[in-house]
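Structure record follows, encoded as structure tokens.
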Amino acid sequence: MFELKISNLRDAIKLSLKWATHTVSLLDPDIDTEFIKLPVASKEGELRRYYFHDMFPYPVSSSFFKNTKPATLPQIQDILEFTAPLEPTDKLLVHCHAGISRSTAVACGVLCQHGLTPSEAVKYVLSIRKLAFPNKQVLTLFDEILGLEGKLVIAGTEELTKLARDNMPD
Numbered sequence: 029m030f031e032l033k034i035s036n037l038r039d040a041i042k043l044s045l046k047w048a049t050h051t052v053s054l055l056d057p058d059i060d061t062e063f064i065k066l067p068v069a070s071k072e073g074e075l076r077r078y079y080f081h082d083m084f085p086y087p088v089s090s091s092f093f094k095n096t097k098p099a100t101l102p103q104i105q106d107i108l109e110f111t112a113p114l115e116p117t118d119k120l121l122v123h124c125h126a127g128i129s130r131s132t133a134v135a136c137g138v139l140c141q142h143g144l145t146p147s148e149a150v151k152y153v154l155s156i157r158k159l160a161f162p163n164k165q166v167l168t169l170f171d172e173i174l175g176l177e178g179k180l181v182i183a184g185t186e187e188l189t190k191l192a193r194d195n196m197p198d
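Counted from 1, the sequence shown has number 102 at position 74 by my numbering; the numbering is strictly sequential.
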């Protein structure tokens, strides 16, 4: 399997240029590129950018989320097309602004695409990214496209619940 790193936007600038053969860049649609530097690919690398907000498990009708743009099925399908040909020698970087929600969810979906079970994918992501909270809406889209019958969302929920329970102070 390919090597995987998940990062925040700041770290992705260096990792994309110096380490990754493939970068999935997940950005807010309203990011101010005049003041915020974006990652670029190395000469041999490939980079794709996707623009959608981090969606929380609250009703979209909430006035706070009125102008949010969630991930779409075509975006997730495009990510899967981009990552489908990954080889064991490849290095995949997935990043979002904080490296916690959108990026970890996409990493879980791509790992499932490459043969891991949903539970294995979530456990692997949690092993390489200690602060992870995979975005449920993104997991749901991967579930639908990959035909996982909701197992990726369930695995994400169960593993995060277990992690929280195991790390609660006595």
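Built from N, CA and C at the ideal position, the CB exists for glycine as well.
What number of angstroms, rounded off, separates the C-alpha of R76 from the C-alpha of V52? Here residue 76 corresponds to residue number 48 of the sequence shown, with the count starting at 1. Here residue 52 corresponds to residue number 24 of the sequence shown, with the count starting at 1. Each residue's alpha carbon lies about 5 Å from the other.
Note down the Cα distance separating P67 from S44, rounded to an integer number of angstroms. Within the sequence shown, residue 67 is the residue found at index 39, counting from 1. Within the sequence shown, residue 44 is the residue found at index 16, counting from 1. Per the coordinates, the alpha-carbon of P67 lies some 6 Å from the alpha-carbon of S44.
Report, in whole angstroms, the separation of the C-beta atoms of I173 and I104, which I expect to be a contact under 8 Å. Counted from its first residue, the sequence shown places residue 173 at position 145. Counted from its first residue, the sequence shown places residue 104 at position 76. I173 to I104, Cβ: 6 Å. Contact.
Per DSSP, what are the beta-bridge partners of E31 in this structure? Taking the sequence shown and counting its residues from 1, one reaches residue 31 at position 3. Note: E31 sits in a beta bridge opposite K119.
Contact between the stretch 141-154 and the stretch 52-62: three or more CB pairs below 8 Å? Taking one beta carbon from each stretch, the stretch 141-154 and the stretch 52-62 have fewer than 3 pairs nearer than 8 Å; the two do not touch.
On the three-state DSSP scale, how would you describe R157? Against the sequence shown, residue 157 aligns to sequence position 129. Coil, per DSSP.
Can you give the Cα-Cα distance for Y152 and I128, rounded to whole angstroms? Residue numbering aside, residue 152 sits at position 124 when the sequence shown is read from its first letter. Residue numbering aside, residue 128 sits at position 100 when the sequence shown is read from its first letter. Distance between the alpha carbons of Y152 and I128 is about 14 Å.
Assuming W47 contacts K158 under a Cβ cut-off of 8 Å, what Cβ separation, rounded to an integer in Å, is found between them? Within the sequence shown, numbered from 1, the residue matching residue 47 stands at position 19. Within the sequence shown, numbered from 1, the residue matching residue 158 stands at position 130. Contact between W47 and K158 fails: their C-beta atoms lie close to 19 Å from each other, not under 8 Å.
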